[in-house]
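Enquirer: Counted the way numbering that gives the first Met the number 0 counts, the sequence shown spans residues 0 to 423.
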Amino acid sequence: MTVHQAPAGTSSEAAHAPEPLPPFPFPGSSYRGPAPVYARLRAERPVVRVGTAGGGHAWLVTRHADVRAVLEDPRFSRAAMYAPGAPRFSGLFQAPPGMIVSLDPPDHTRLRALASQAFSPGRIEGMRPRVRELAGGLLRDLEPEADRGGPVDLVARFAAPLAMAVICELLGVPGEDRGRFHTWVRRFADLSAPEEQAVEARESLGAYIASLVTAKRAAPADDVLSALTTARLGEDRLSEEELIGLGYTLLGAGFDSSAGQIANFTLTLLAHHPKLWRRLGEHPGEVPAAVEELLRTVNLNADDTSGLPRLATEDVAVGGTVVPAGDAVFVSFASANRDEAVFADPGHLDPSRADNPHLAFGHGIHRCLGAPLARLELSVALEELTRRFPGARLAVPAAEVPWRTGDVNHNPLTLPVELRRSTS
């Protein structure tokens, strides 16, 4: 970091005082990566105390190894963040208490074991033909407009409807209710709106999922929510409140994150890697590795973290720095995924990268339960887009793509694309 010159009469300690940091979340981050300050923090202050934009302070962990260490250490508690007197951070996303992402063992262990029964590898892989069918149908509907040469909004016409259709079919939500779900999730994800809006959207989602759980208990179908209602560990099973929380979590994360990354990946490739776009269309077998590298380099989280802080339940040393008991800790996945100690030339998107231990889906006990489905959905979306429209290009300069402001994630508001079936 910048070293200030010491005026006459000042101490050496003052001369070498670290440069003050702006409030967290830092300005300057985008879908293309975290703010430049993260590189300096990884090099000089990998575990650093930061003031937050809404007041108070927390610790920010930026190196890959240290992020993993925090996520593996039970002394950094998610559940303790909901205790009376725990730090609160206005303007930053915090999942409601009692949800799987808000629990510690043994409660988390039990809930995860029950939920995992509904997310078997066979069930998720079995969805591939249907996901491809949904993606193909949406893109076929766009072919007449593509042939006329006009721009198409890939957020409204492909990314959002595909992600919503997949998660709703996974949960067994009737098609006629998807519009309401879309509205509720978008309102909940908007951190710039009044808090009452998020509370109302969360309550609407919860009430709807409660009615859906009742229906699935009475008449189970071949969907994940039905499988969750019948999951057992001996005599133990999920309570109705737990089923609602899981359904709510899956719907919010499964829709918003997937839709955002389909759009972000498309923008990244068309604006910055058009040759790779064309290559993937010709070599679909290379798409899964490209998806992994896009997951590493394309920054989903608007605050560069999962948005889910942990509380140190005792003094804990991380990366040579002691985090005091009672302090909150944020881990930056976006920074960890650019760690020079782990990734050669980390700012470069390299789809042939052989070793890619990125943390896009987290790490440890809270690693994303839906990661296999996200990988499947992102791969199918890119395969279909690049195969059908190898000559696609942005209809506006990348700098003019409008973004949702105040969101949990980096989400384009629209993505105007000319869908060309030929590269000529």
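No residue lacks a Cβ here, since even glycine has one placed at the ideal position from N, Cα and C. Bear in mind the structure is a predicted one, so any value in this text is a computation, not a measurement.
1. Among residues of its own chain, excluding the 5 on either side of F157, which ones have a beta-carbon nearer than 6 Å to its beta-carbon?
2. Under a three-way DSSP split, which group does D344 fall into?
3. Please list the terminal residues of the continuous alpha helix (DSSP H) segment that includes T296.
4. Quick one: what does DSSP say L113 is sitting in, helix, strand or coil?
5. The beta strand (DSSP E) spanning P415 covers which residue range?
6. Determine the contact status of F254 and I166, defining contact as a CB-CB distance below 8 Å.
7. Can you tell me whether A7 is buried or exposed? The criterion is at least 16 other CB atoms within 10 Å of its CB, across all chains shown.
8. Figure out for me which residue from H362, E376 and D338 has the closest Cα to the Cα of G259.
9. Restricting to runs no shorter than 3 residues, where is the beta strand (DSSP E) found entirely within the segment 370 to 421?
10. Buried or exposed: W402, going by 16 or more other Cβ atoms within 10 Å of its Cβ?
11. Go ahead and pull the three-state DSSP assignment for T312.
12. Are the CB atoms of V297 and H63 within a distance shorter than 8 Å?
13. Rank P350, P150 and R111 by C-alpha distance to the C-alpha of L237 and give the top, closest one.
14. Give the DSSP-derived three-state secondary structure of A252 in the structure shown.
15. Classify F118 as helix, strand or coil using the three-state DSSP reduction.
16. Who are the Cβ neighbours of T304 in its own chain at under 7 Å, not counting the five residues just before and after it?
17. Let me confirm a value: S11 is counted as buried when at least 16 other C-beta atoms fall within 10 Å, else exposed. Which label applies?
18. Could you please give me the residues that DSSP links to A57 through a beta bridge?
19. Can you check which of these residues, P287, R277, G244 and G171, is closest to A353 by C-alpha distance?
20. Helix, strand or coil for L304 per DSSP?
21. Considering only their Cβ atoms, is the gap separating L250 from V198 smaller than 8 Å?
22. Tell me which residues share the same chain as V154 and place their Cβ nearer than 6 Å to its Cβ, disregarding the 5 neighbours each side in the sequence.
23. Please confirm whether G246 and L211 have their CB atoms less than 8 Å apart.
24. If you pair each beta-carbon of the segment 34 to 50 with each one of the segment 80 to 92, do three or more pairs fall below 8 Å?
25. Could you name the residues of the same chain whose beta carbon sits closer than 7 Å to that of F264, not counting the 5 residues immediately before and after it, in chain order?
26. Does DSSP put S29 in a helix, in a strand, or in coil?
27. Could you check the C-alpha separation between A368 and T267 for me, to the nearest Å?
28. When burial is assigned at 16 or more other CB atoms within 10 Å of the CB, is A311 buried or exposed?
29. Tell me L232's beta-bridge partners as DSSP assigns them.
30. Hey, how far is the Cα of S203 from the Cα of V46?
31. Using 8 Å as the cut-off, can you tell me whether the segment 341 to 350 makes contact with the segment 100 to 116, which would need three or more C-beta pairs spanning the two stretches below that distance?
32. Could you pull the start and end residues of the beta strand (DSSP E) that V321 belongs to?
33. Ignore the nearest five residues each way along the sequence and tell me which others in A68's own chain have a CB closer than 7 Å to its CB.
34. Of the residues R366, H272, R41 and P143, which one's Cα is nearest the Cα of R31?
35. Can you tell me which of the three DSSP states C367 falls into?
36. What three-state label does DSSP hand F75 in the structure shown?
Expert: In brief:
1. L137
2. coil
3. V286 to T296
4. helix
5. P415 to E417
6. yes
7. Note that A7 has pLDDT 39, beneath the 50 cutoff, so the model's placement of it is unreliable and the number below is only indicative. That one is exposed.
8. E376
9. 415 to 417
10. exposed
11. coil
12. no
13. R111
14. helix
15. coil
16. F329, V330, S331 and F332
17. For S11, the predicted model reports a pLDDT of 39, less than 50, meaning its position is unreliable and no value from the coordinates is stated.
18. V49
19. P287
20. It should be pointed out that residue 304 corresponds to Thr in this sequence rather than to Leu. In this structure, T304 counts as coil in the three-state DSSP scheme.
21. no
22. A262, P411, T413 and L414
23. yes
24. no
25. L293, V297, L377 and L381
26. strand
27. This sequence places Leu at residue 368; Ala is not what is there. Those two C-alpha atoms are separated by around 26 Å.
28. buried
29. D235
30. 39 Å
31. no
32. T320 to V322
33. V317
34. H272
35. coil
36. strand
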